Each structure stands twice: as structure tokens, then as C-alpha cells.
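Q: Everything in the sequence shown is counted per UniProt numbering, starting at 1 for the first residue and increasing by one. Starting off with a structure, shown below.
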Amino acid sequence: MKVEGAVPCNISGFQLLLAAAGSVIIVSVPLFRNHTWISLLGWFLLAASWGKSVETEGEKLKLSYFFGKLSCEIRIEDIEELKVFNRLEGAVIAKEFPVMLAFVVFVMVFALGEILLYPLAQEYGFNGWFVLMSTGFVYLAILLLPFSKEHWAFPLVLFPPALAFMLNLLRPGSVDAFSIFTATMLSFLLLVGYYRKDYVLIKTSKRSYLLAVENRKMLFDVLEGLILPGDVGKTGFGGVPAADD
Numbered sequence: 001m002k003v004e005g006a007v008p009c010n011i012s013g014f015q016l017l018l019a020a021a022g023s024v025i026i027v028s029v030p031l032f033r034n035h036t037w038i039s040l041l042g043w044f045l046l047a048a049s050w051g052k053s054v055e056t057e058g059e060k061l062k063l064s065y066f067f068g069k070l071s072c073e074i075r076i077e078d079i080e081e082l083k084v085f086n087r088l089e090g091a092v093i094a095k096e097f098p099v100m101l102a103f104v105v106f107v108m109v110f111a112l113g114e115i116l117l118y119p120l121a122q123e124y125g126f127n128g129w130f131v132l133m134s135t136g137f138v139y140l141a142i143l144l145l146p147f148s149k150e151h152w153a154f155p156l157v158l159f160p161p162a163l164a165f166m167l168n169l170l171r172p173g174s175v176d177a178f179s180i181f182t183a184t185m186l187s188f189l190l191l192v193g194y195y196r197k198d199y200v201l202i203k204t205s206k207r208s209y210l211l212a213v214e215n216r217k218m219l220f221d222v223l224e225g226l227i228l229p230g231d232v233g234k235t236g237f238g239g240v241p242a243a244d245d
């Protein structure tokens, strides 16, 4: 049975590795002026890591990705904790996925060095490193912000032009107008897409998974049908507030 409106996020494990590699390849295309076809590899890796669906098979949850080999199954009996980030005061996604947090910080620092040392805009008219760094900062900020502070997040759409202004003071011509526009639009789309969904953490003894859910009630109805009454305390499902939908 497919859980409508639910997809797994590529925020941990091998899925994160593919998404990271794909993103870096895409924004690095200007470095390969005569080999722009390499961007296809980046888009392929990024698409392969993307979550496709959440289904139930017997007493298991099946998380499917566009690259079928990445699909995995979670036995209901292995679930140790369920958490809805949007419903918990002070809960932040970054705390549960430190590897993702460390990766974003690393990419931002690396991109800053590339911007200051090799101003791509002067040679190619586009600075992919700036786009990567500024949108990475916005993504990092929303991972660190509790959902109760959503009103603090949307002003972050102004971060790319503010950052570009400072970088161009340090290294004139290092960031072009098109890169600023691209980063600002991507940040806006990221913010809108992020806050229109609920995020459910499923934690097992081996790994944590994050689901992006449009209909939280449907997911919980499915899980309640699979979890035996005696197991509710074990999973922590009983502590999840009922949906308002």
C-alpha cells in the first residue's frame, strides 16, 4: 500500500553521498568548458538519490528512491522512535543528522575559498560556487531553526544578494548578477518547498530516516494499523500528537 504524499529524504546514508556528489558536479560545470556533458552525470546522481515513495509491505515500510538499488525496508518492530519535527517545540532536524550538517558546513567553507581564489564570474560569466555556498547557508539555517521559528526563515532569501555585495567588496567582480539571481530564486524555492511539508523522523538501532509528508494523518493511520497495541510504547508512537487535518 502506497502512503500518498510521503517520500524519503536523501539526508543520510548513501543517498546523501550521491546527492552531494551530484550537486558539486553540477555547479562545477563551468570548470569543464569543453566538457559540459559532465553535468548530465551530476543530474543523474542527484535524481538517483531522490526519494520516490513510501509503501507498506506486510509489517514493513519500504522507502523507494529513483535509483531502485537504494530502496530499503524498515521492519515495524525495529522502529525505536517516531518524531514529528513540526509538532515539537525546539526540535531541529540538524540534531538528528550531524553528518549532513558537517557536509553542508564543509561545502560552504570550500566554496568560499574557491570564490575568493578563483573568481569564475570574471572568466565564465557565472559563479556556481557562489550559488552552492549561499543556498547551502540557507539550507543549513533552516535545518538548525526550530519549526516554531518559521517566521525567521523567509528573510533568509535576502542572504544571497547581501553575501554577493560583501564578496564583491573583498574581491571585485567575483560574483555576477546572474549568479545572484539564481541563488536568490533557489533559496526562495527551497524555503517554500521546505515549509509546506511535515517531517517525520523514523529512528531504528542502525539508522535514522527522514520522511517528507504532505498528509501526516494518512502516514500515522498506516503505522497505527501495523503497530500492535503492546508495541506502541516501544516505538514512541503513542507520544505523537494527533494530526489537526
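Glycine included, C-beta positions come from ideal geometry on N, C-alpha and C. None of the values given here were measured: they were computed from a predicted structure.
Since S64 contacts E55 with CB under 8 Å, what's their CB separation in whole angstroms?
A: At roughly 7 Å, the Cβ-Cβ gap stays under 8 Å, so S64 and E55 are in contact.
Q: Out of K60, V138 and F66, which has the shortest C-alpha to C-alpha gap to W43?
A: With distances taken between Cα atoms, W43 lies closest to F66.
Q: Does the region 7 to 18 touch the region 106 to 119, meaning 3 or more C-beta pairs lie closer than 8 Å?
A: No: the two stretches stay apart, fewer than three of their Cβ pairs being nearer than 8 Å.
Q: Measure the beta-carbon distance from L143 to A94 and round it to whole angstroms, keeping in mind my assumption that it falls under 8 Å.
A: Sure, about 4 Å apart at Cβ, within 8 Å.
Q: Is there a C-beta anywhere in chain C that falls below 8 Å from the one on N215?
A: In the displayed structure, chain C is absent; only one protein chain is listed.
Q: Where does the unbroken beta strand (DSSP E) through T182 begin, and where does it stop?
A: It is not in any beta strand (DSSP E) - T182 instead sits in the alpha helix (DSSP H) that spans A177 to Y195.
Q: Who are the near neighbours of V104 in its chain, counting only those whose CB is closer than 7 Å to its CB and skipping five residues on each side?
A: Hits under 7 Å: G136, Y139 and L140.
Q: If you measure between the beta carbons of N86 and F147, is that distance less than 8 Å?
A: Contact: yes.
Q: Given E4, which residues of its chain have a CB within under 7 Å of its CB, disregarding the five upstream and five downstream residues?
A: If we look at E4 and ignore the five residues flanking it on each side, its Cβ neighbours are N215 and M218.
Q: With burial defined as no fewer than 16 other Cβ atoms inside 10 Å of the residue's Cβ, what is the status of W129: buried or exposed?
A: Counting Cβ neighbours within 10 Å, W129 comes out buried, since at least 16 surround it.
Q: Under the three-state reduction of DSSP, which class applies to R87: helix, strand or coil?
A: Here R87 sits in helix by DSSP.
Q: Relative to the C-alpha of T204, which candidate in E96, E80, G90 and L158 has its C-alpha closest?
A: Cα-wise, what sits closest to T204 is E80.
Q: Can you confirm whether the region 179 to 192 touches the region 157 to 167 when touching is taken to mean that 3 or more C-beta pairs between the two stretches lie within less than 8 Å?
A: These segments touch.
Q: Using the Cβ count rule (16 or more neighbours within 10 Å means buried), how would you classify residue 274?
A: Residue 274 is absent from the model: the chain starts at 1 and stops at 245.
Q: With a threshold of 8 Å on Cβ separation, who are the neighbours of I25 within its own chain once the five nearest residues in sequence on each side are excluded?
A: The residues are I38, S39, L41, G42 and L45.
Q: Is it true that the CB of S134 sits closer than 8 Å to the CB of F110?
A: Cβ distance not < 8 Å, so F110 and S134 don't count as in contact.
Q: For V200, which option in A91, A102 and G193 has the closest C-alpha, if you only look at C-alpha atoms?
A: Checking every option, the nearest Cα to that of V200 belongs to A91.
Q: Decide if A102 is buried, meaning its Cβ has at least 16 other Cβ atoms within 10 Å, or exposed.
A: A102 should be labelled exposed.
Q: With distances taken from CA atoms, which of L191, C72, C9 and L170 is nearest W152?
A: Residue L191 is the option with its Cα nearest to W152.
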